[in-house]
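Going by our numbering, the first residue of the sequence shown is number 1, and it counts up by one from there. Before any comments, here is the structure.
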Amino acid sequence: MQRQLRTAALIASSTKNNECVESRQDKGKQLLASKGSKLWEGHGKYVQQREASSTVDSGTYFLDKLLYFVHRNQENQSSRVTFILLGFSEYPELQMPLFLVFLTIYIVTVLGNLGMIMIIKINPKLHTPMYFFLSHLSLVDFCYSTVVTPKLLENLVVEDRTISFTGCIMQFFFACIFVVTETFMLAVMAYDRFVAVCNPLLYTVVMSQKLCSLLVGASYSWSIACSLTYTYFLLTLSFCGTSFINNFVCEHAAIVSVSCSDPYISQRVILVSATFNEISSLVIILPSYVSIFITVMKMPSTGGRHKAFSTCASHLTAVTIFHGTILFLYCVPNSKSSWLMVKVASVFYTVVIPMLNPLIYSLRNKDVKEAVKTLMLNYSLIKCKARNMN
């Protein structure tokens with residue numbers, strides 16, 4: 001009963017907090033202006049020293065000022081700002097069942113993705129470009145789930161759902177890295193399947209080890225650049241005291257909704273960038289699979305068609321689930337009436353998909369299933385030999 005009362009109080013406080021966002025934004029702007037002037041007054045000596053130095057170019061000087069401002073802004077806010085992740089607190093009777101469900105999903109995610117990486121690593125037959133990309137996809141799914149799920153599980157069993165400003169920003173930063181990486185990793189894997197099906201004789205030449213490493217490295221590098229950009233514009237916002245985030249994860253829309261300053265620029269930046277990333281990925285994926293479909297339909301033998309379709313089916317399923325969820329979240333309006341729908345879709349996006357990918361690739365992939373059987377057989381033989389020696 002006490003927990004239900006506390007939950008009701010949290011929700012009431014959240015509603016009240018959201019209703020006074022506009023007034024807090026005005027106060028926040030005044031606060032930010034006054035603190036900004038004090039910040040640059042204290043920074044005067046540093047600026048004069050940099051201007052006096054003839055060895056520093058203007059680009060380096062500007063970057064120093066930029067990094068100094070962001071560091072001080074984060075340092076000032078982290079000492080006085082806390083967030084409370086409401087999660088699914090409006091359903092107190094479901095906290096323990098949800099905890100057990102998400103814990104099971106997380107265990108399957110960890111075992112499935114790390115198991116996939118291990119199988120690909122120890123089996124020489126799987127040392128091909130396709131499985132090289134798949135191992136990195138499994139790594140991204142494992143890291144993404146590990147960034148989000150532990151905090152979700154904690155909030156389901158404790159009454160104190162607070163998260164520090166720094167903790168929230170770091171969760172957002174790493175989550176962005178892994179989401180953007182997976183977006184382009186799926187595109188790279190689609191291109192790999194395109195070359196394998198449409199140009200099989202040139203496959204080993206085109207998909208060289210150097211190109212594969214370059215494509216993976218570019219995916220990680222671009223995702224880090226995007227995440228740094230998103231985080232920077234998020235840090236330029238001002239936050240006041242304790243704020244209630246009506247989500248289980250520090251997601252951009254949820255964070256800016258409790259900002260005391262105008263989040264317009266931050267929202268436009270992430271909207272443009274996310275749209276660019278989504279379109280760029282789909283521009284690679286869709287033509288690749290159209291070409292694959294046309295090539296497969298021209299194959300004279302039914303066996304060749306079946307083999308080609310089975311090779312691409314796993315990846316096409318993963319692509320459909322991932323991008324389908326993203327497009328669904330794009331279409332859902334950001335309003336109070338859709339908060340529950342957004343949270344459910346976010347759970348599927350951040351918790352369920354990382355679990356599904358290794359299952360999809362293992363259950364529908366003949367090579368992976370044979371590798372798992374071989375691994376289990378070798379383990380059984382080693383176990384029998386150990387018993388005989390004893």
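Beta carbons are placed, not taken as given, at the ideal position from N, Cα and C, and that holds for glycine.
- With a cutoff of 8 Å on beta-carbon distance, threonine 374 and threonine 242 are scored as not near each other.
- The alpha-carbon separation between histidine 127 and lysine 121 amounts to approximately 7 Å.
- DSSP, reduced to helix, strand and coil, places threonine 149 within a helical segment of the structure shown.
- At the C-beta level, threonine 229 and valine 269 come within 8 Å of one another.
- With respect to glutamine 267, valine 256 sits close: the two C-beta atoms are nearer than 8 Å.
- DSSP, read as helix, strand or coil, puts phenylalanine 83 in strand.
- Residue burial annotation: glycine 87 is buried, with at least 16 other C-beta atoms found within 10 angstroms of its C-beta.
- In this structure, tyrosine 144 sits near phenylalanine 178, with a CB-CB distance shorter than 8 Å.
- By a beta-carbon distance limit of 8 Å, alanine 313 does not contact asparagine 357. Their separation comes to about 14 Å.
- Within the DSSP secondary-structure output, serine 243 pairs in a beta bridge with Phe83.
- Residues Ser338, Met341, Val342 and Ala345 of the same chain have their beta carbon placed closer than 8 Å to that of valine 332, with the five preceding and five following residues left out of the count.
- Asparagine 113 is a Cβ neighbour of aspartate 141, given a cutoff of 8 Å.
- No Cβ-Cβ contact shorter than 8 Å links isoleucine 294 with tyrosine 191.
- For serine 89, the closest C-alpha among the options Thr149, Val157, Leu286 and His136 is that of Val157.
- Leucine 153 and lysine 366 have their alpha carbons spaced roughly 35 Å apart.
- Counting only runs of 4+ residues, the alpha helix (DSSP H) found wholly inside the stretch 88–150 occupies 95–122, in chain order.
- Rounded to the nearest angstrom, the gap between the Cα atoms of leucine 377 and phenylalanine 239 is 57 Å.
- With a 10 Å radius around the Cβ and a threshold of 16 neighbouring Cβ atoms, arginine 80 comes out exposed.
- Within 10 angstroms of the beta-carbon of histidine 306 lie fewer than 16 other beta-carbons, which makes it exposed.
- A check of alpha carbon separations from valine 272 across Tyr349, Ile224 and Tyr330 identifies Tyr330 as the nearest.
- Looking at the backbone, the Cα of proline 263 and that of histidine 252 are separated by about 10 Å.
- For threonine 302, the enclosing alpha helix (DSSP H) begins and ends at 302–331.
- Pairing serine 291 with phenylalanine 322, the inter-Cα distance amounts to about 21 Å.
- Here cysteine 250 is near phenylalanine 172, since their CB atoms are less than 8 Å apart.
- Looking only at Leu134, Trp222 and Ala225, the smallest Cα-Cα distance to glycine 115 is reached by Leu134.
- For threonine 236, the three-state secondary structure derived from DSSP is coil.
- Counting only residues of its own chain and dropping the five nearest sequence neighbours on each side, threonine 325 has a CB closer than 8 Å to the CB of Ala345, Phe348, Tyr349 and Ile353.
- Assigned with DSSP and collapsed to three states, serine 164 falls in strand.
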